[in-house]
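Quick notes on the structure that follows.
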Amino acid sequence: MTNNIIHVLLIEDDPMVQEVNREFVERVAAFKVVGIATNGVEGLEKIRALRPDLVILDIFMPQQDGITTLQLIRLENLEVDVIAITAANDARSIQSMLQNGAIDYIIKPFKFERVKQALNNYRMLKERIEHQQSFSQSELDQLMFGNTSDPSTEVLLPKGMQEITLKQIILYLMNQTESRSAEEVAEGVGLARVTARRYLDYLEKIGKVTIDLQYGGVGRPINRYVIGKKIE
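If you read the sequence shown in my numbering, its first letter stands for residue 799, the second for the next number, and so on.
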């Protein structure tokens, strides 16, 4: 990376989405699209030739899909970060991309604000890693999960919780336009409802999600969860 510009390669087969992605990326300060590939095979060739900092990767593409492409990126130890922007909203695709190192996952159709958020989070993480030799747990939590608790307090995941599952739930909620129940989150991410509720309760405790109570007919209100501020 030179002159603090983050070079981005788009791997996307739809010409219309290519242009939307290019426009959105270049509307964010410090980001520049340096190439576009229409499938995973061409994408790997351009990663080797252009050496971008960041790849924005689709999943459903001819010749070679995005999951296979990301696996090959890791197999070759190519030094590039990956954000998925895709119509694939199934739990298996999300899990595969996260397990292979995607740093964010955006589901089509998407808004500029979500792309901007992902890029700015990436830029902040990249800058901190380049200029800071080591991190406390709370500093890393703040970078990865947006935890704004007292940085002097070390935060560890409760016993039995997995970071990748926590991130899957966060990404799922970030891509929703309204609050979701624990049952909906469980179905969307591919977890048991009791497991989803445990993670959601933890996220609410650390201030990452807010509970939005839904009052129906007879019976107790339903807890619905939303990233950030409560939906009015």
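Every residue, glycine too, gets a C-beta built ideally from N, C-alpha and C.
In this structure Ile871 is not in contact with Ile901, their Cβ atoms being roughly 13 angstroms apart against a cut-off of 8 angstroms. By the Cβ test, the stretch 892 to 900 is not in contact with the stretch 827 to 841, since fewer than three Cβ pairs between them sit closer than 8 angstroms. About 3 angstroms separates the beta carbon of Thr867 from that of Gly838, a gap short enough to meet the 8 angstroms contact definition. Secondary structure at Thr975: coil, using DSSP grouped into helix, strand and coil.
In chain order, Ile857, Ser891, Ser894, Met895, Asn898 place their CB closer than 8 angstroms to the CB of Ile865, counting only its own chain and leaving out the 5 sequence neighbours on each side. Here Ile854 is near Asn819, since their CB atoms are less than 8 angstroms apart. By the CB criterion at 8 angstroms, Pro860 and Asp812 fall outside the cutoff. In this structure, the alpha-carbon of Gln816 lies about 17 angstroms from that of Ala916. Counting along the chain, the unbroken beta strand (DSSP E) around Ile834 starts and ends at 829 to 835. Under the three-pair Cβ rule at 8 angstroms, the stretch 980 to 997 does not count as touching the stretch 926 to 937. For His929, DSSP assigns no beta-bridge partner whatsoever.
A Cβ-Cβ separation of about 6 angstroms places Val983 in contact with Ile967 under the 8 angstroms criterion.
Membership of Arg872 in the alpha helix (DSSP H) is indicated by the continuous run 864 to 873.
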